[in-house]
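Student:
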Amino acid sequence: MTEPGSYKDTVNLPKTNFDMRANATKREPEIQKFWAENQIYDRLSQNNPGELFVLHDGPPYANGALHLGHALNKILKDIINRFQLLQGRKVRYVPGWDCHGLPIELKVLQNMKAAERQNLTPLELRRKAKAFALATVEEQSKSFQRYGVWGDFDNPYLTLNPAYEAAQIGVFGQMVLKGYIYRGLKPVHWSPSSKTALAEAELEYPEGHTSRSLYAAFPVTRLSEAASALGEFMPHLSVAIWTTTPWTIPANLAVAVNPELTYAVVEVANNEQPKYIIVATDLVERLSQILASNLTIKAKVSGKDLEHTIYRHPLFDRESPVVIGGDYVTTESGTGLVHTAPGHGQDDYIVGQRYGLPILAPVDADGNFTAEAGQFAGMNVLGDGNAAVIEALSAAGALLKEEPYVHKYPYDWRTKKPTIFRATEQWFASVDGFRDAALKAIAEVKWIPAIGENRITAMVSERSDWCISRQRSWGVPIPVFYDEETGEALLNAETIAHVQAIVAEKGTDAWWELSTEELLPESYRNNGRSYRKGTDTMDVWFDSGSSWAAVLQQRPELRYPADMYLEGSDQHRGWFQSSLLTSVAVNGCAPYKTVLTHGFTVDEQGRKMSKSLGNGIEPEVVINGGKNQKEEPAYGADVLRLWVSSVDYTADAPLSKNILKQLSEAYRKIRNTARFLLGNLHDFDPIKHSVAYEQLPELDRYMLHRITEVFQEIGEAFENYQFFRFFQTVQNFCVVDLSNFYLDIAKDRLYISAPDAWRRRSCQTVLHVALENLAKAIAPVLCHMAEDIWQHLPYPTPYKSVFEAGWVKLEKQWYQPQLADSWQKLRQLRAEVNKVLEQARVEKTIGSSLEAKVLLYVPNAAFKAQLQTLNPGTAQSLATAPQPITETTALVTQPSKTWQQYLAELVQPFKRSPAYLRDVLKVYRELWIIAVVLAAFPLVVLPLGLLKAVLVGVNEIPLLPRVFQLIGIYATLRYLLVAFMRIALSQKSKAPTTLTESLSQTISVPEEQATTPSTRQSNGVDELRYLFIASQVELVDSPAAVQQAKYNLQTDELAIGVVNADGKKCDRCWNYSVHVGDSVEHPLICERCVSALAGNF
C-alpha cells in the first residue's frame, strides 16, 4: 500500500449498537417491559439465595398528582432495594397508599356542586371517596413504576381494603383491652374549616402569622393568707395577664404564676384604673416601655404566696383563683402571670385538673361562640368575636395594651386555615401508659441520620395523649356503641371482635350500611338496653400507623419488625411515631429496625418549591419534558434517579433547571464511557481471549487495582446509605480514571495492534472487567442504563439481566497498593507533561501530542534509572513483544516468498545503503568517524586487489571471482554497520516517571522487570511514550537540553521540554518514526504498524 489513507480499514475501530444518546422516553419503557415480561423482580425476590430484606413503604395520600418529594422518597427506597437484590437478598417491597381521611374527602367535595353536597349522605360520600382514591392510586402507581421503582405493584396495600381495616380495628381493640384507650372531654387542636379534631402531625406552622395580643388586668377581690401584706393596695389591686388569643378570655377560669418567681406590686403612673397591678419583678422595666407608663415598685411577693388569691372576671360575674402553673410560666414574654382557660389549652387543662376547675369551652364546631359566651354568642372566634372581646375589655377598663404579635400559629395542613384549641368529647390513646416502653424501643433502633433519634425521643417524651377520633365520614369507624339512656360506651373484646369480623368480610361501609342490631353481637341485641353506634372515625395516622399489623404481620412473604422505614423528616411526628406507639402499645417493640429520613425538596437558592414562586419542578416534566422541549427537555427517569443519588438527602435536596443540565452532562459522560467500552469489546470473548492476571502488563494490573478501589468505595457508599459518595465516585472513575487516563492511552493498543495481539487482548481483558462491574455498580441508581449496557454486551453471558448477575466481583490479587503508588506518581508526572504539551498545542506548534517528542531531565540517578526501565528502544520493543494470543499454541508461519521478492531483497542493500548511512549519521553523530572508516574500507581494498592482479599477469588474474569476493566483503561490512546501529538504538532511549515532589522516591518495580536499562525488554505497553501519548520520549543528561526547547517546565527536581518528533508521520497510527519508509511493501507506515499488519504487534 503506497497511497495515503489506504490503511484506514486495517485499524480496529469500535463497533456497537449501544446508542450515544439515551433516547430515554423510548428506551426506558422498553427496558421496563423487558423486566416485566421476564419477571426479573419477581424471580429475584423469590429465588435469591440471601436473607429476606423488607423495606416497609410509608403510604402516600391518594389525593392527587405526585410531586418531586414523592420521587425523592420512592427512588431512595428503590436504590436501597435494588442494591439489596444485587447483594443476593430476597427483597420484598409492597407499595402502599393511605386512602382515608380529610384530604380525599375534600377533593371529592370540591368536585361537587353545592346542591349535591347538601343532599350527600355519609355512605354516598364514602363511595365517591373510595372511587377517587382508587383512581388516584392507579395513576400514582404508573408514575412510580415509570421512575423505575420495583415492587409488588399488582398487590399493593391500601388502607381501604377490608383486610387492612379489620387488622386496624384489631390493633385498636388490643389497645382498648390493655386500658390505653379512653374517652374524655379535653382540649384538642380543632379545625373549624374542616370541622374535626386534628393530631399534631396534621398541623403546620407557617411563617408570618400575626395575632392581636393584649395585656389585661383582672381585679383582685381577696388575697391569700400568705399575700395578706398586700392588703394596703386593695381594692385597687389587679393581676395583669397577656394573651395572643383574646377570644379565649370568656373561658378564663384561673391565672397561673410560677412559684419560683418574685412578683411586684407596681403603681401605674396615670389616673386611670387599675392603680396597682401585679407583674413579675424581672419584667417591670420592659412593661414600662410596652405600657408607656412609669411603673413604680411598691411591694414584692413570691409566686407561691400568691396561690389561692381570688380575682373577678372583668366581663363575667364570676370569681377565679390564682394557681401554680408549670414550667411554661416564665419571664421570657408577657407579664409573668398566665391567663388560664382549661377548655382551650393543654397546659391550662392539666393545671385545671389539678385544681378541680371545670372545662369551659363556649365555642362550637364552626368556631363560633355558644350561648355560654353571653354577649359574644354567634360570633366567630377567629373573626368578629376576637375583636368584640378586645372592645369589651377596653369598655370595662381592663385593657392595658393591645398590639400585633407575629409568631408561629397552628394551621390545618389541608385547608391552610388557622385552628383553635377546643375541648370536646374525644377518644384518646393514653401515651403515659407505654411512654417508657416507647422510649426504650427508640433507643434500640438505628436512626439515619443519628439526630433522628434525638428528635423522636424529645417528641415522645413531651407529647400529650393521642387524640385518635375524628368527626368525619371517610375513615375507619371507632367500633363503639353508646347506651341510649346513660350515654355509657360499650366497647369490649366481644363487640370489637364481632365488628372486626364483619369489616373483614364487607369492609367498613358495613358500619353505615347495617343497623346497630346487626353490628352488635347476639348477646347484646335483646338484653333490655338500647344502643346507638358511634359516628367518629379514627385518625388517619392510626390507619397508617397500623400497617405493621395489616401488612407486615398479615403477609407471609414479609416479616415484622421490618428491616427499614424510610420517609421525610416530618414523619418523626407522623408515621414513624404513630407506628411506634401502636406497635409498642400492642407488642412492646418498635415495628422497624432501622429508620432513614430525608429532607425536603427546594430550589437552587434553598427556597421551598411553590406555584407562586414558579420554582416547582414536576417529576413528570423531568422525565418526559415540558411543552417547550428546549426549555424543559425530556431527561428520562435515570437523570431523575441520578439527582436523588447526588444530593445529601439528610438535608434539603435542591433541584433546578441548571442542576438538571449538570446532571444530564454527568449522565452523558457515564454513558459515553460505557459506549467506548462496549465498542472496543466487539471481537472479545472473555472465555477465549482473557489474559491471565500474571501475564498482564503493569498498566493493566494498576487499572485492576483502581477498579478494586473504586468499586469497594461504591459498595461501602451503598451499604452506609451515602449515595452521594456513589455519585461522586462513579463520575470521577468514568471521567478521570477511564476517559482521561486509561482509555486515552489504550486507544493505541486497541486500534492499531493486530486484532489478536497480546497487548490488545490484555487491554480488552481490563475493559471487560471495568464494563461489567460498572454496569452492576450503577444498576441501583441508573437502572435503565445498566440494563441497556447489559443487553448490548457483545459476548455471551449466562445472565439475562444485569440484576441477575449480582453485585460487583473483585479478586483479592487485584489489590496492589505498592504498584498503585508508583502509577499514581506516573499519572501526576503525566499531568505535568500534559501542561507543556498543551502550551505547544495552544500556540499551534503541534496539533496532536503524537507530533511531539518529550525531553525529560532528572538529576536524581536512582530515579533516572527507574525511568529508563519505562523507555526502551522501539526496535527492541518490536523484537520482544509477546506474540498474539490464539486459541491454539500453533506457531505462526510466514507465507512463502516469490522470486520477485527475493530479487527485491537482493537489490535493496545497494538501493538503501546511502539512506541507512545518512540516518545513522543524523541520529548518532558520535559514530561518524567509525562510519566513514567502514564505508571507505572497500574503496581501499578494491584497488589493491586489482593492482595485485595486474602485477601477476593478465592471463593469471581470476578477475570475476575477485570482484564478487569484494562485493561480499562490502555487503558483510554494511550489515555489521546496521547491527551496530540497532544495538546503539536499544541503549539510546531513556525516560522519566514521577511527579516533581516525588522525584527523589524510588518507583517499585516487580522482580521480573527489575532489570538494567540495557537489558530490560519492552512489552509494548508499559512505556512513557504511551503514557504521554507522544511519539518519542528522551531522557537527557543536562537541563540545558530542556532549556533549549521552546516549550518547557523546570523545577529544582525536574525539567520537561517538548520539541517536534523525529522522523515522519505514520499513515496508519499517526505516530512519528524515523523508520517510516523502511518497508518496501509498506513505505508509508512505521515499524510498529508493519509488525502489526504481520500479526506480530
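Quick note: the sequence shown, position 1049, residue 1046 per our numbering, numbers continuous. Virtual Cβ for every residue (Gly too), placed ideally from N, Cα, C. Since the model is a prediction, treat every value here as computed from it, not as a measurement.
Hey, residue 140 and residue 409: beta-carbon distance below 8 Å or not?
Tutor: No, the Cβ-Cβ distance between residue 140 and residue 409 is not below 8 Å.
Student: If we count Cβ pairs, one from each stretch, closer than 8 Å, do we get three or more for the region 34 to 47 versus the region 558 to 573?
Tutor: Too few Cβ pairs lie closer than 8 Å, so no.
Student: Would you kindly work out how many angstroms separate the C-alpha atoms of residue 880 and residue 740, rounded to a whole number?
Tutor: Confidence in residue 880 is poor, its pLDDT being 42 and thus under 50, which makes the residue's placement unreliable; the coordinate value appears in the next sentence. Residue 880 and residue 740: Cα-Cα distance of roughly 23 Å.
Student: DSSP state of residue 278, grouped into three classes?
Tutor: Here residue 278 sits in helix by DSSP.
Student: Do you know how far the Cα of residue 4 is from the Cα of residue 1074?
Tutor: If you take the alpha carbons of residue 1074 and residue 4, they lie about 15 Å apart.
Student: Taking only runs of the beta strand (DSSP E) that begin and end inside the region 507 to 535, which ones reach a length of at least 3 residues, in chain order?
Tutor: DSSP runs (the beta strand (DSSP E)) wholly in the region 507 to 535: 528 to 530.
Student: Can you pull the DSSP bridge partners for residue 318?
Tutor: According to DSSP, which records beta bridges pairwise, residue 318 is partnered with 307.
Student: Given 8 Å as the limit, is there contact between the region 271 to 282 and the region 174 to 189, that is, 3 or more CB pairs closer than that?
Tutor: Contact fails: fewer than three Cβ-Cβ distances are below 8 Å.
Student: Short of 8 Å in beta carbon distance, which residues of its chain neighbour residue 1025, apart from the five on each side in sequence? Order them along the chain.
Tutor: These residues qualify, in order along the chain: 827, 830, 831, 834, 846 and 851.
Student: For residue 412, which of helix, strand or coil comes out of DSSP?
Tutor: Here residue 412 sits in coil by DSSP.
Student: Please give me, in chain order, every unbroken run of the beta strand (DSSP E) with length at least 3 that falls completely inside the region 427 to 487.
Tutor: Within the region 427 to 487, the complete beta strand (DSSP E) runs of at least 3 residues are 443 to 445 and 478 to 480.
Student: Any chance you could list the beta strand (DSSP E) runs of at least 3 consecutive residues sitting entirely within the region 42 to 90, in chain order?
Tutor: You should have found no qualifying run.
Student: Can you tell me whether residue 1064 is helix, strand or coil according to DSSP?
Tutor: Three-state result, residue 1064: coil.
Student: In whole angstroms, what separates the C-alpha of residue 63 from that of residue 616?
Tutor: Each residue's Cα considered, the two are about 8 Å apart.
Student: Can you tell me the Cβ-Cβ gap for residue 1095 and residue 236, rounded? I've got them flagged as a contact below 8 Å.
Tutor: The chain is shown only over -2 to 1094; residue 1095 falls outside these bounds and no answer can be derived.
Student: In this structure, does DSSP put residue 107 in helix, strand or coil?
Tutor: DSSP places residue 107 in helix when its eight states are reduced to three.
Student: Sorted by chain position, which residues of the same chain lie with C-beta nearer than 6 Å to residue 1085's C-beta, five sequence neighbours on each side aside?
Tutor: Correct list, in chain order: 1094.
Student: What span of residues does the alpha helix (DSSP H) with residue 799 cover, start to end?
Tutor: Careful: residue 799 lies outside any alpha helix (DSSP H) and carries neither H nor E.
Student: In whole angstroms, what separates the C-alpha of residue 762 from that of residue 743?
Tutor: Those two C-alpha atoms are separated by around 12 Å.
Student: Quick check: what's the CA-CA separation for residue 472 versus residue 532?
Tutor: Spanning the two alpha carbons is a distance of roughly 10 Å.
Student: Measuring CA to CA, which of 505, 654, 656 and 585 is closest to residue 120?
Tutor: Of the candidates 505, 654, 656 and 585, the one whose C-alpha sits nearest the C-alpha of residue 120 is 505.
Student: Going by beta carbon distance, what residues of the same chain come within less than 6 Å of residue 779, once the five residues before and after it are set aside?
Tutor: Only 635 meet the Cβ criterion.
Student: If I measure Cβ to Cβ from residue 1027 and keep anything under 6 Å in the same chain, skipping five residues before and after, which residues do I get?
Tutor: Excluding sequence neighbours, residue 1027 sits near 846, 849 and 851.
Student: Counting C-beta neighbours from all protein chains within 10 Å, is the total for residue 376 16 or more, i.e. buried, or is it exposed?
Tutor: Its Cβ being crowded by 16 or more others within 10 Å, residue 376 is buried.
Student: Leaving aside the five residues before and after residue 591 along the sequence, list all residues of the same chain whose C-beta is less than 6 Å from its C-beta, in chain order.
Tutor: Counting only Cβ-Cβ distances below 6 Å, and skipping sequence neighbours, we find 443 and 561.
Student: Measure from the alpha carbon of residue 311 to the alpha carbon of each residue in 1081, 216, 579 and 1080, then state which is nearest.
Tutor: Measuring from the Cα of residue 311, the nearest candidate turns out to be 216.
Student: Taking the Cβ atom as the reference point for each residue, do residue 434 and residue 585 lie within a distance shorter than 8 Å?
Tutor: Closer than 8 Å, so yes.
Student: Exposed or buried, what is residue 232 when buried is set at 16 or more other beta-carbons lying within 10 Å of its beta-carbon?
Tutor: It counts as exposed.
Student: Please report the straight-line C-alpha distance between residue 262 and residue 298, rounded to a whole angstrom.
Tutor: Each residue's alpha carbon lies about 8 Å from the other.
Student: Tell me which same chain residues have a C-beta within less than 7 Å of the C-beta of residue 465, skipping the five on either side of it?
Tutor: So the qualifying residues of the chain are 424, 425, 426, 535, 536 and 539.
Student: What is the rounded straight-line gap between the Cα of residue 633 and the Cα of residue 158?
Tutor: Rounded to the nearest angstrom, the two C-alpha atoms are 34 Å apart.
Student: Could you give the distance in angstroms between the alpha-carbon of residue 709 and the alpha-carbon of residue 199?
Tutor: Roughly 43 Å separates the two Cα atoms.
Student: Only counting the same chain, and skipping five residues up and downstream in sequence, which positions put a Cβ closer than 7 Å to that of residue 680?
Tutor: Cβ neighbours of residue 680 beyond the five flanking positions: 752.
Student: Label residue 1142 either buried or exposed according to how many other C-beta atoms from any shown protein chain fall within 10 Å of its C-beta, with 16 as the threshold for buried.
Tutor: With the chain running from -2 to 1094 in the structure shown, residue 1142 is simply not present.
Student: With DSSP run on the structure shown, which of helix, strand or coil describes residue 562?
Tutor: Strand.
Student: So residue 493 is in the alpha helix (DSSP H); what residue range does that whole segment cover?
Tutor: Residue 493 -> alpha helix (DSSP H) spans 490 to 503.
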